[in-house]
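What follows is a set of notes on a single structure, which appears directly below.
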Amino acid sequence: MPEMNPARFISYRYLSVIVICGALFPTMALAGEPTGALAKYAENRTWVDGTGKFQIGGTLKSADEKQVQILKSDGRVVTVPLDKLSEKDRQFVDEFLKAEAAQNDPNNPFAGGEPENPFAGGSTAAMPATAANVPLVPASPGRLNKVNVTTGGARPLSLAPGREFWSVKPPAALPEVTLQDSIITVPLEKPFFGKMALGIAGRAPTVIVNVYQEGRKAADNYGRFMLVDPTTQKSSAVTEFEQPYRVVAVAPNAAMFAAIRVEGWDTGNDLALFSINGQTITPLYEFTVGGGSWKEFVSAKFLPNNRLAVVTKDKKLTFWDLSGTVPRAVQQGELADSVHVSFSPAGELMAFPAKKYVGFLDTSNGNIVGSIEPESDVERAAISADGKRVAIKLWDKLVIYSMEDGTHIKTIPVADTGDDDLTWVGEYVKLNETVYDVERTLPLWTYKTRSSAKQVYGDRMFACFGDKQSSQLTITTLPHEAAIRTAETVDPKTLYVMSPGSAVRVNYQFVNVPDDYQRQIEDAVSAKLKESSWVNNNNASVILEVSVHEGDEKEEDYYTEKARTLGGIVLPPRPFGVRPNGPSEKVKFRPWVHSFVLKNGNDVLFKGEYTRGAPSSFQTEEGEEIQAAVLKLIHPDPKWFGRIKVPSYILKSTIREGLGESNLTASGLN
């Protein structure tokens, strides 16, 4: 850092600023891979070459009599001839190959076998009808028995994918749902202040309807659960607890579910486990998964081999072993970019955003087995119910990839640039409330509902609407037939006002903008048009209005103190929120207002705005007036026009939410 004049002063604008700008199935294995009964050979170890000079950390991915594939800790796979390894490593590989051969020996009575069906649950035989006056299962006094757990012994998970590579086995498919669209009356009332949640799993499937409330007093808390069989439309008795438990995950075979004990803002740190046997819900125990304030529980997913994945707000991912009397943390890592992870239907594979990559994790061993690098930063990812594809949400498009080989299949422009929710609905993709047609690459239909208790399962939307006397569970196939028929008559190319190659006329509106800044702004806008593959044409009907002008006069207080120095070097400004101890001075200025508006007639297709005001802190020379220093620092920002994100495809305003809109209500689809 260069030496600065210690006589300088630092001025601070002391403001608070908010900028909005049960048992599951074992993994299928191929020859030469250490999975299933051979999983102990997949543990991380140090590999050394024959000279003893080189070594790496990694796991055995596959091996044969000539070579071994090692999955390194950075996610890359290296193939090494056996004769290049140390004697100890050659012995390790030899032991693995002998153990594998024994597993496949036709004389071995324990060889072979079929994987257990992970979706085997959901039997309807033991589900009797219930009357409206449903008896309550006696409530547990207080909360469930809490067990002490620790993550201290958990092995590290590497969650930082690198270059693109692919060694993913397509996961097991969710069984086809054969339910009819229906409305089921569920004899579970929802008081006015109560909230609802749904959990769904199994082949039938089994539906868990959950009503809970966190009251101002402990006596107002409750968590109620009812099992519903959508095939027979029969319900179980109500199971009630004196704590506000919200269902968050159900095992694929519907033999167990997890619920968070809510503690403010519909979240919490303690997770409870319950078993399901026929129509009976049995509480098991409760344990802490979150780390306190801002580190609470976010999501959970049951994994193969009786394990549970849990994500918390501080981006911690933990795999819990549930096979003992107390949960045991077996692996833990930190997600690089987002808490929004996606699992395959049975949980053997996890997809997770990692800035410009999507990583794929084999949950049986915690190894990264695939990595995709789309063209821009990733917001969400979702694996399809059939396990054949993955949808990746970028800021302005959905990109579909094959789970067979990781290759690109389709790109679908989207109008919704939020990242709230992404899931598959059968062969279609649902982003927030809009269902997208993957085959035709268009927004198909928007389905709006007031129900907060809703969940997609296969190609059905389950939604529950609570009332004081009972609740209505609706089951709706998405998309509905009328939406599909409408799409068959539409050419996707006609839905866009702007697409690569489209013409646009640019109008600049500069007020008191210095000439050099005007030139920089025009250059930035030209580069942005080129980036979007649009053509500047003065005869185009679509107009881009670029405006830069001074805004209304503002006044701020600046506090000034002599710069703190150390060895002749000016120290950084005080931390945000710490008020300087110097005198204050009022400063008047006009911020610069920037706008980027794309119009087709009176229809606004896209709009971006930015205001550049006075700096929050700056240095002045000794004797320099603060008013003069502020005015010197306020100027237009041409670089903003280069930073703004503009989609290459822009839909007509009339179909930004699809070809039509329907409401999902307690009386069905309207």
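Per mature numbering (1 follows the signal peptide of the UniProt record, and there is no 0): the sequence shown = residues -31 to -1, 1 to 639. Even for Gly, the Cβ is constructed at its ideal location relative to N, Cα and C.
1. Quickly, what does DSSP pair phenylalanine 610 with across the bridge? List them, please.
2. If we ignore side chains and look at the alpha-carbon of each, how far apart do serine 345 and asparagine 246 end up?
3. Could you give the DSSP three-state label for phenylalanine 61: helix, strand or coil?
4. Cα separation between valine 482 and isoleucine 538?
5. Return the chain-ordered list of same chain residues with a C-beta closer than 7 Å to the C-beta of arginine 358, the five sequence neighbours on each side being excluded.
6. Give the list of continuous alpha helix (DSSP H) stretches no shorter than 4 residues that lie fully inside the region 456 to 533.
7. Glycine 435 and valine 137 - do their beta-carbons sit closer together than 8 Å?
8. Between threonine 251 and the rest of its own chain, which residues show a CB-CB distance below 7 Å, the 5 nearest in sequence each way excluded?
9. Return the residue from the list Thr463, Ala71, Pro448, Ser516 that minimises the CA-CA distance to valine 475.
10. Could you give the distance in angstroms between the alpha-carbon of tryptophan 16 and the alpha-carbon of proline 130?
11. Of the residues Lys53, Glu12, Thr147, Gly629, which one's Cα is nearest the Cα of threonine 445?
12. If the criterion is Cβ atoms closer than 8 Å, does the pair threonine 287 and alanine 123 meet it?
13. Once you ignore the five residues that flank asparagine 117 on each side, which residues in its own chain have a CB closer than 8 Å to its CB?
14. Using the rule of at least 16 other Cβ atoms within 10 Å of the residue's Cβ for burial, across every protein chain shown, is glutamate 630 buried or exposed?
15. Just to confirm, are valine 566 and glutamate 519 a CB contact at a threshold of 8 Å?
16. Which residue comes first and which comes last in the beta strand (DSSP E) that contains isoleucine 153?
17. Please report how far the alpha carbon of lysine 462 lies from the alpha carbon of alanine 456, in whole angstroms.
18. For methionine 195, list the residues DSSP reports as bridge partners.
19. Confirm, please, whether the CB-CB distance from serine 205 to glutamine 149 is below 8 Å.
20. Would you identify the three-state DSSP class for aspartate 239, choosing helix, strand or coil?
21. Does DSSP classify residue 670 as helix, strand or coil?
22. Residues in its own chain within less than 6 Å of tyrosine 326 by CB, not counting five upstream and five downstream?
23. Aspartate 290 by DSSP, collapsed to three states: which one?
24. Can you give me the Cβ contacts of valine -15 inside the same chain, cut-off strictly under 6 Å, excluding the 5 residues immediately before and after it?
25. Classify serine 495 as buried or exposed, calling it buried when 16 or more other Cβ atoms lie within 10 Å of its own Cβ.
26. If isoleucine 361 sits next to valine 347, beta carbons under 8 Å apart, how far is it from one beta carbon to the other, in whole angstroms?
27. Name the two residues that bound the continuous alpha helix (DSSP H) containing alanine 298.
28. According to DSSP, simplified to helix, strand and coil, what is glutamate 626?
29. Going by the CB atoms, is the gap between isoleucine 229 and valine 217 shorter than 8 Å?
30. Straight-line CA distance for leucine 167 to lysine 284?
31. Valine 219 lies in the beta strand (DSSP E); which residues open and close that run?
32. What are the start and end residues of the alpha helix (DSSP H) that includes isoleucine 595?
33. Candidates Asp74, Leu51, Pro125, Ala320: which alpha carbon is nearest leucine 140's?
34. Leaving out the 5 sequence neighbours to the left and right, which residues in its chain are closer than 8 Å to valine 511 when beta-carbon positions are compared?
35. By Cβ distance below 7 Å, which residues in the same chain neighbour alanine 95 in space, the five residues on each side in sequence not counted?
36. Mind checking arginine 419: buried by the 16 CB within 10 Å criterion, or exposed?
Here's the rundown:
1. None; phenylalanine 610 has no bridge partner.
2. 47 Å
3. helix
4. 36 Å
5. Ile369, Tyr370, Ser371, Met372, Ile378
6. 484 to 500
7. no
8. Phe243, Ser244
9. Ser516
10. 21 Å
11. Thr147
12. yes
13. Phe256, Val295
14. exposed
15. no
16. 151 to 155
17. 12 Å
18. Val178
19. no
20. strand
21. The structure shown has nothing for residue 670, since the chain only spans -31 to 639.
22. Pro130, Ser340, Glu342
23. strand
24. Reliability of the predicted coordinates at valine -15 is poor, the pLDDT of 26 falling under 50, and the value obtained from them is presented with this limitation in mind. Same-chain partners within the cutoff: there are none.
25. exposed
26. 6 Å
27. Note, alanine 298: premise wrong, no alpha helix (DSSP H); beta strand (DSSP E) at 297 to 303.
28. coil
29. yes
30. 24 Å
31. 214 to 219
32. 595 to 602
33. The residue you asked about is not leucine; residue 140 is proline in the sequence shown. The residue with the shortest Cα to Cα distance from proline 140 is Ala320.
34. Val466, Met467, Ser471, Ala472, Val473, Arg474, Leu567, Lys568, Asn569, Leu574
35. Confidence at alanine 95 is low in this model, with a pLDDT of 42, below 50, so its placement is unreliable and the value that follows should be read with caution. These residues qualify, in order along the chain: Gly247, Gln248.
36. exposed
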